[in-house]
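Below is one structure, written out as structure tokens; the observations come after it.
Written out as structure tokens, the structure reads:
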């Protein structure tokens with residue numbers, strides 16, 4: 001049964017809840033898909049390492065629930081629910097490493113066909129045990145800050161990357177179909193190596209003009225000696241053909257870490273498609289809410305943004321002055 005309040009998006013402002021969007025279509029579509037598809041997948045927001053909190057990042061939890069998932073927080077050691085093959089672990093921006101005990105629990109889950117999504121930010125610190133989980137799938141998470149040199153591939157700042165997407169990736173179905181734009185702030189690169197029984201499929205790349213700042217704490221974005229040349233892999237899916245285990249790794253969590261970032265057309269769709277592919281869900285129901293409030297125009301092209309500024313600040317006022325001068329002179333000559 002769907003609660004009437006669940007058909008709307010809500011925002012808290014000055015201790016008052018306001019309906020900002022209608023999501024009835026997504027709720028009803030997800031409910032029908034859930035009935036047809038059988039038991040629900042549980043998306044567990046893993047806790048204990050400084051990750052994003054499911055109760056604070058309500059928009060992610062709400063979007064997952066509206067797509068038919070069960071959503072809950074999960075402590076790898078202290079919990080009341082054993083992991084099953086219908087579960088998907090979400091590691092969203094951990095800032096500290098897994099303990100050895102947590103590493104063994106996660107590895108056992110993955111080795112038995114488990115699924116996990118890892119969104120790891122650049123300044124997460126040293127994550128050796130996480131790194132061992134990635135290496136089992138032939139993945140190495142680098143410590144470089146990816147910078148774009150070509151304005152076609154960034155939004156406002158050179159580290160707000162508009163990546164090239166792999167249209168063949170099964171984890172990008174909704175984004176490719178909708179032709180939605182993705183913006184990834186403050187990315188780190190991913191290196192790959194061949195592993196037996198592991199199939200790797202890239203999700204997103206930086207451009208050939210990009211470069212990696214080997215010092216992520218740098219005060220300049222200019223390319224310096226020692227910085228690495230692009231393009232860089234920014235996200236990848238990995239699947240073990242023997243065990244059925246799946247993982248998705250992104251060197252970035254900022255694209256959904258705030259509501260403002262998540263509101264970019266393709267960002268929330270990227271998150272939803274990532275969870276859908278990893279959990280084995282046939283398709284993600286990413287239907288944009290029908291807004292109930294006026295919203296600002298979101299221009300993702302830096303060049304278009306500059307042209308619009310010039311038009312509004314310079315061209316239009318000049319045209320008004322010219323037109324006004326012509327009218328004024330004609331009136332004087334009468």
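Residue numbers (our numbering): 1 to 334. All residues carry an ideal CB built from backbone N, CA and C; glycine is no exception.
| query | result |
| --- | --- |
| When the Cα atoms are used, what is the spatial distance from residue 123 to residue 227? | 17 Å |
| Does the Cβ of residue 331 have 16 or more other Cβ atoms within 10 Å, making it buried, or fewer, making it exposed? | exposed |
| Under three-state DSSP, which class holds residue 100? | helix |
| Look up residue 328 in the DSSP assignment and say whether it is helix, strand or coil. | helix |
| Going straight from the alpha carbon of residue 196 to that of residue 63, what length do you get? | 36 Å |
| Can you give the Cα-Cα distance for residue 60 and residue 85, rounded to whole angstroms? | 22 Å |
| Between 49, 111, 51 and 116, which has its C-alpha nearest residue 41's C-alpha? | 116 |
| Taking the alpha carbon of residue 87 as the reference point, which residue from 114, 182, 130 and 98 has its own alpha carbon closest? | 114 |
| Would you call the stretch 133-142 and the stretch 263-277 touching, i.e. three or more CB-CB distances under 8 Å? | no |
| Since residue 135 is in the alpha helix (DSSP H), which residue starts that stretch and which ends it? | 128-135 |
| To which residues of the same chain is residue 102 closer than 7 Å at the C-beta, ignoring the five residues directly before and after it? | 76 and 77 |
| Does the stretch 143-155 come into contact with the stretch 205-216, if we say contact requires no fewer than three beta-carbon pairs (one atom in each stretch) closer than 8 Å? | yes |
| Assess, as a yes-or-no matter, whether the stretch 244-252 is touched by the stretch 214-225 under the definition of 3 or more beta carbon pairs within less than 8 Å. | no |
| What did DSSP end up calling residue 237 once you bin it into helix, strand or coil? | strand |
| Ignore the nearest five residues each way along the sequence and tell me which others in residue 83's own chain have a CB closer than 6 Å to its CB. | 109 |
| Alpha carbons only, please: which of 201, 194 and 188 is nearest the one belonging to residue 215? | 188 |
| Write down the C-beta distance between residue 201 and residue 236 rounded to the nearest angstrom, noting that I regard them as a contact closer than 8 Å. | 7 Å |
| Within 10 angstroms of its Cβ, does residue 323 collect 16 or more other Cβ (buried), or is it exposed? | exposed |
| Could you pull the start and end residues of the alpha helix (DSSP H) that residue 186 belongs to? | Taken as a continuous stretch (DSSP letters only), residue 186 belongs to no alpha helix (DSSP H), as it is neither H nor E. |
| Using a 10 Å radius around the Cβ and a threshold of 16 neighbouring Cβ atoms, would you call residue 242 buried or exposed? | exposed |
| By DSSP's criteria, residue 247 is part of a beta bridge. Which residues make up the other side? | 116 and 238 |
| So residue 174 packs on residue 273, CB below 8 Å; how close in whole Å? | 5 Å |
| For residue 91 and residue 194, what's the separation of their Cα atoms in angstroms? | 24 Å |
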